[in-house]
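321 is the number that numbering that gives the first Met the number 0 gives to position 322 of the sequence shown; each next residue is one higher, with no gaps. Just below is one structure, and these are the notes that go with it.
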Amino acid sequence: MFQTKDTIIILAIESSCDDTAAAVIINGKLRSNIISSQLIHQKYGGVVPELASRAHQQMIVPVVQKSLVTAAVDITQLTAVAYTQGPGLMGSLLVGSSYARALSLSLGIPSIGINHLKAHVLTHFIEDPYPEWPFLCLLVSGGHTQIIQVNSPSKMLILGKTLDDAAGEAFDKSAKMLGLPYPGGPLIEKCAVGGNPNKFIFPETKVPYFDYSFSGFKTAVLYFIRDQSKNNPDFIAQNMADICASIQAYIVRYLLKNLEKAAIKKGIKEIAIAGGVAANCSLRHELKHLSKRHGWNVYLPKLAYSTDNAAMIAIAAHFKYLEGSFSGLDEVSFARESVAS
Ligand code: KG4
Ligand code: ZN
Numbered sequence: 000m001f002q003t004k005d006t007i008i009i010l011a012i013e014s015s016c017d018d019t020a021a022a023v024i025i026n027g028k029l030r031s032n033i034i035s036s037q038l039i040h041q042k043y044g045g046v047v048p049e050l051a052s053r054a055h056q057q058m059i060v061p062v063v064q065k066s067l068v069t070a071a072v073d074i075t076q077l078t079a080v081a082y083t084q085g086p087g088l089m090g091s092l093l094v095g096s097s098y099a100r101a102l103s104l105s106l107g108i109p110s111i112g113i114n115h116l117k118a119h120v121l122t123h124f125i126e127d128p129y130p131e132w133p134f135l136c137l138l139v140s141g142g143h144t145q146i147i148q149v150n151s152p153s154k155m156l157i158l159g160k161t162l163d164d165a166a167g168e169a170f171d172k173s174a175k176m177l178g179l180p181y182p183g184g185p186l187i188e189k190c191a192v193g194g195n196p197n198k199f200i201f202p203e204t205k206v207p208y209f210d211y212s213f214s215g216f217k218t219a220v221l222y223f224i225r226d227q228s229k230n231n232p233d234f235i236a237q238n239m240a241d242i243c244a245s246i247q248a249y250i251v252r253y254l255l256k257n258l259e260k261a262a263i264k265k266g267i268k269e270i271a272i273a274g275g276v277a278a279n280c281s282l283r284h285e286l287k288h289l290s291k292r293h294g295w296n297v298y299l300p301k302l303a304y305s306t307d308n309a310a311m312i313a314i315a316a317h318f319k320y321l322e323g324s325f326s327g328l329d330e331v332s333f334a335r336e337s338v339a340s
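Shown next as structure tokens:
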């Protein structure tokens, strides 16, 4: 690849949970985006941290190599190496951060630690059209549910968040109760096709401001399935589509209700969603529908950029590189930090 002294070539590594991913970005343009998802966790009904870090160790070298080859970049051409700093599973984070920092040290180039949540939000700058600042982002993943006012790449303000479980967890745990494997979110969506979303109504958990709570919903689903199955052992099998459609409708309705309130209160019409649950077609459809009513400009990430990926770490690193914000060798390589700065 032709390179001048001003060319910024960043290798980005994501290893916060159960995906080993690497991407290369050149002057803010994504050149490769490689991901290896760990299937081993499916049979355990959730991510097993020790197995996850072992799988990251096995996959990190081939995934990084593939990302460099795809981008036609030699490792010696890199300007910086970025990695997910947190939040995430400690063992998994350590694999990516140690690899990235050792590589940057050996090449004599800076390393850049990236907040995983901020990276999900900045997904919207990988490809046109970009949202205008400030915009609101509903960040919905397996571990987090937040409404964020995004003022700049580094200035983000949390307007609302879940007080207990995340939206992705609500999907995954409901799926587990229905006997579906992990991760259950996409399977609930699949099984909901053709189901009646109004067949089963779960009581809404009311919390102040723009916050969320999903633990009451989770318990309501548990009791509902238990009670119905007592009377009819085949209840789940006979009503799978309607149950899944009703669960999905509850979560989507609840997520959008607070997002709508926050958008009205803040007078912001640039609205984005990010995180694994942003891959949900019903959420995307209902958000588009709502946007027509309010005249919002809505930004939906491509499916490949909704769930965990290294492209989002790469774009966040590009912004940080422009700011000259690098990680020192004496800093901790991971942190359980929040998205707010
Ligand atoms: O952002 P992500 O890949 O990882 C975390 O940082 O947590 O999000 C994973 C979460 C899981 O809970 C998964 O079930 C959920 O996103 N998810 C979905 C869909 N695809 C992934 N939930 C509902 N519908 C989907 N299509
Ligand atoms: Zn994530």
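Positions of the beta carbon are idealized from the N, C-alpha and C atoms, including for glycine.
Burial state of residue i, where buried means 16 or more other Cβ atoms lie within 10 Å
i	result
T122	buried
E322	exposed
L302	exposed
P109	buried
G294	exposed
M155	buried
A236	exposed
A309	buried
V120	buried
Y43	exposed
S66	buried
D18	buried
V68	exposed
Y222	exposed
N279	buried
P152	buried
I250	buried
Selected residue, minimal CA-CA separation from residue i, among the options
i	options	result
W132	E269, K189, Y304, Y181	E269
M311	R283, F234, A20	A20
L282	I200, F170, R225, T204	F170
K117	C136, V297, D127	C136
L299	N257, F124, V72	F124
I34	A240, S105, E13	E13
L162	A174, K198, T144	T144
V62	L289, A273, Q37, S290	Q37
Y211	L254, H284, I200, L104	L254
P207	Q41, N230, N257, K265	N257
G95	S173, Q56, L289, V68	Q56
I7	V251, S103, L77	L77
I59	S97, Q41, Y249	S97
I25	D5, H40, I39	D5
K265	A278, L106, N150, K205	N150
G107	D233, K291, I74, V251	I74
Same chain, Cβ closer than 8 Å to residue i, five either side skipped, listed in chain order
i	result
G275	V139, S140, G141, G167, P182, G184, S305, T306, D307
I111	I9, A79, V80, A81, Y82, A316, K319, Y320, S324, F325, S326
I113	A11, A81, Y82, T83, Q84, I312, A315, A316, K319
A219	F201, P202
M239	L177, C190, G194
Sequence-distant residues of the same chain with beta carbon closer than 6 Å to residue i, five excluded per side
i	result
L158	I146, Q148, F209, A261
A70	V23, R30, S31
C243	I187, C190, A191, G194
L179	L186
D241	G194, N195, K198
A271	H123, P130, F134, C136, Y298
T52	According to the sequence shown, residue 52 is Ser rather than Thr. So the list reads G90, S91, V94, once near-sequence residues are dropped.
Any non-hydrogen atom of the ligand KG4 within 7 Å of residue i CB
i	result
G142	yes
G85	no
F170	yes
G184	yes
A313	no
E13	no
E49	no
A278	yes
E188	yes
C16	yes
G361	Limits of the chain in this structure are 0 at one end and 340 at the other, which puts residue 361 out of reach.
Residue i Cβ short of 7 Å to the ligand ZN heavy atom set
i	result
D307	yes
G275	yes
H55	no
H119	yes
H40	no
H123	no
H293	no
H115	yes
Beta-carbon proximity list for residue i, same chain, < 7 Å, skipping 5 on both sides
i	result
G87	S15, C16, H115
K287	V297
L214	Checking the displayed sequence, the identity of residue 214 turns out to be Ser instead of Leu. D163, D164.
I246	S173, I187, V220
L289	L255, E259
List in chain order: all unbroken beta strand (DSSP E) runs of 3+ residues lying wholly within the stretch 22-107. 28-36, 79-85
Quick one: complete alpha helix (DSSP H) runs, 4+ long, within the stretch 110-135? List check, alpha helix (DSSP H) in window: 115-121.
What residue ranges within the stretch 233-301 form continuous beta strand (DSSP E) runs of no fewer than 3 residues, ordered along the chain? Listed in chain order, the complete beta strand (DSSP E) runs (minimum 3 residues) inside the stretch 233-301 are 269-273, 296-298.
Please specify which runs of the beta strand (DSSP E), each continuous and at least 3 residues long, are wholly inside the stretch 156-226, giving them in chain order. none
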